[in-house]
Structures are given as structure tokens and as C-alpha cells.
Ligand code: AHM
Ligand code: MG
């Protein structure tokens with residue numbers, strides 16, 4: 114994209130991409146997706162402002178506390194959820210939503226126009242880090258509704274494999290606020306310029322670096338790992354065990370932050386299956402699938418160890434999966450370790 118002195122705003126970038134999509138598919142460019150992304154960015158700016166105020170406003174993740182004006186204040190993850198629901202409901206571009214914070218699908222009742230997209234989000238990922246001023250983020254995934262002329266969306270519009278996603282992304286609230294998204298044509302990052310309140314293109318066409326130099330896993334859980342995970346981690350941290358060894362360890366405990374670092378620097382993140390239950394911790398629709406979509410379009414890969422994350426047919430909105438994500442060669446090595454374990458070699 115052409116560079117200009119004022120920078121490329123997210124809105125402009127999305128409009129240009131949508132026109133390119135329309136040209137490829139022969140559809141009329143309606144601008145709906147750009148407007149939807151713009152509304153996600155608006156919600157992100159509101160959440161970002163609240164996150165930055167958290168320490169001052171004394172709302173550090175504790176529900177039911179009162180602020181200095183004596184008003185009851187909302188827990189930050191509840192605030193983020195309510196902001197997204199309200200902004201997206203009014204956007205006119207969403208027919209149904211699902212949130213990690215809410216048990217059931219979130220309807221878009223009249224008078225709001227039921228738009229053509231279904232959206233799932235983790236409003237504030239890494240919430241255990243809220244109280245300690247560590248990066249947290251919002252993750253979102255977007256499907257085109259199945260029935261373009263239906264009146265209301267259905268949960269089925271969301272219960273689909275990640276390979277069918279129209280777009281996905283995340284907003285990270287860190288030393289600066291960044292929005293990263295993909296519609297399947299590159300992964301692009303925008304940094305919020307607080308002085309003008311705009312997300313400006315800062316990372317065009319992100320590709321994960323070839324060298325996978327970092328592994329990110331909660332090693333405190335190692336006693337609950339399968340032998341395949343244990344072998345894999347032993348290998349990557351061994352100083353000189355050949356390819357994909359000698360990695361350094363970095364674990365923040367905020368998926369969005371761990372993923373973002375590995376995306377920019379090269380690395381593999383693991384939240385593997387618990388050996389006893391076979392289950393992972395992270396949610397397919399709100400965390401694994403959107404980040405798997407981003408990883409794929411940046412040249413990386415995501416797997417449970419058995420299956421590609423993007424191929425999984427969800428069996429429920431809140432389904433959990435093991436998540437191994439990052440550089441393709443490293444994730445494939447993990448899959449081979451799981452395969453060896455299965456075959457007894
Ligand atoms: P959350 O959605 O409740 O914040 O939980 C998900 C978080 C991820 O951000 C992070 O990768 C993981 O949980 C960390 O879990 P653990 O503390 O078990 O290592
Ligand atoms: Mg989360």
C-alpha cells in the first residue's frame with residue numbers, strides 16, 4: 114500500500130482490501146466488512162481507554178467495588194464484553210454473536226438490522242493479568258452468515274470450522290494498543306495513535322520469521338503433560354539437539370501477548386492436552402481458531418497435536434482444545450512426537 118505522510122488508517126486499509134476482494138470475486142463492494150471492522154476498532158478504543166484508566170479508577174478486576182465518585186464500577190472483562198456487545202449490536206452488520214463471557218449465543222434483536230456477519234470474541238483475554246498491569250487483549254473471529262437473507266442469525270452461523278472464517282484478529286492492550294487482522298490476504302497490524310484516535314498501519318504483511326527461537330508454555334503444568342509434550346519441550350530447550358533446539362523460554366500467561374510476540378519474533382506457543390483428561394484449556398471459537406487463522410496467513414500453523422485447528426468442526430460454543438501454534442516446522446515436529454507416542458515408537 115502506498116505510503117503517505119499521514120499514514121494509512123485502518124478504515125482506509127479495510128476499504129481498499131474490500132474493493133480488491135470485490136474485484137476478485139466479481140461482487141459489488143458494499144463496504145459492510147470495512148464498517149464492521151471499524152466498529153470493532155471503536156470498541157477496542159473504548160476498552161483500551163478503560164484498560165489504561167484501570168489503575169486510576171480503582172477497578173482492578175474486582176467486581177462490585179466503588180470508584181471515587183461512589184459509583185459501582187464494572188469488572189474490566191465485564192466492561193469489555195458489554196462494550197463489544199453494545200457496539201456490535203448497533204453496527205447493523207452482525208446477526209449473532211458469541212462471547213467467552215456469556216453462556217448462550219447473543220442475539221441481535223429488533224430494531225437493529227440483522228447484518229451479514231456472525232462474530233465470536235474473547236472480550237479480554239489474559240484476565241488473570243489485569244491486576245498486575247501485564248498485556249491483555251481482545252480476540253475476534255468473523256463468519257459470513259450462512260443464509261444471506263435470513264432475519265436472525267443462528268448458533269450454526271458460528272459453529273463452523275476456522276477454515277471457513279471470513280476474517281479474524283485481535284487487539285492487544287500493551288505499551289501501545291495494536292489491532293492485527295486478516296481476511297485471508299495477508300496479516301496486517303495497526304498501532305493506535307492516541308493523539309488522533311486512529312489505528313495507523315504499522316506492520317504491513319506480517320510473516321512469522323523463519324527461525325523459531327522461542328517456546329512458550331506453562332512449565333508449572335509439566336507433571337500433567339503427556340510424554341509427547343515432555344519430549345518435545347525437552348528437545349526445544351536442549352542447548353544443542355539439532356534443528357529446533359536451543360530455544361529460549363518466554364511465557365506471559367496472556368495468550369494474545371504470547372502469540373503476538375511469537376508472530377513478530379518467531380516462536381511456538383503450547384497449551385497442550387492434560388494427560389489425564391485429554392483436554393486443553395483454551396477455547397476453540399474465541400481463542401484457538403482466530404489465532405490459527407492469523408498464524409496460517411502469516412505462514413505459520415496451529416494444531417491440537419492430532420488435528421489442524423482450522424479443520425475442527427466445533428461441537429459447542431465453549432469447546433476447549435489443546436493449542437500448539439506458531440512456526441510451522443516446530444508445530445509439525447510436535448505433531449510427529451504425538452504420532453510417535455500413538456504408534457509406540
Ligand atoms: P482467560 O480467557 O480466562 O484469560 O484464560 C485464557 C488464558 C490465556 O490468555 C493464557 O494463554 C492462559 O489462559 C494461561 O493459562 P495458565 O495460567 O494456566 O498458564
Ligand atoms: Mg481468553
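In the working numbering, the protein residues as written are 114 to 458.
Glycine included, C-beta positions come from ideal geometry on N, C-alpha and C.
Look at residue 371: its beta carbon is at least 6 Å from all of the heavy atoms in the ligand MG. Cβ neighbours of residue 346 within its own chain (closer than 8 Å, five residues either side excluded): 328, 330, 332, 335, 338 and 383.
Rounded to whole angstroms, the separation of the alpha carbons of residue 261 and residue 244 is 43 Å.
Inclusion of residue 231 and residue 258 in the CB contact set at 7 Å is warranted, their separation being smaller than that value. In the DSSP annotation of this structure, residue 346 is not part of any beta strand (DSSP E); the continuous alpha helix (DSSP H) holding it starts and ends at 340-350.
Looking from the CA of residue 404, the closest CA among 387, 324, 386 and 440 belongs to 440.
Looking at the backbone, the Cα of residue 340 and that of residue 391 are separated by about 12 Å. Those residues whose C-beta sits under 5 Å from the nearest heavy atom of the ligand AHM are, from N- to C-terminal order along the chain, 238, 239, 240, 331, 366, 367 and 368. Every beta strand (DSSP E) of 3 residues or more that sits fully in the region 207-292 is shown, in chain order, as 207-212, 230-238, 249-257 and 280-286. Three or more Cβ pairs drawn from the region 284-304 and the region 120-138 lie within less than 8 Å of each other, which places the two stretches in contact.
Excluding residues up to 5 positions away in sequence, 239, 365, 366, 367 and 370 lie with their Cβ nearer than 8 Å to the Cβ of residue 247 in the same chain. Between residue 422 and residue 443 the beta-carbon gap is near 15 Å, outside 8 Å, which marks them as no contact.
Note on the region 301-334: whole beta strand (DSSP E) runs with a minimum of 3 residues are 311-316 and 327-329, in chain order. With a threshold of 6 Å, the Cβ atom of residue 269 does not count as near the ligand MG, since no heavy atom of the ligand is closer than that.
According to the DSSP assignment, residue 397 belongs to no beta strand (DSSP E), since it is labelled neither H nor E.
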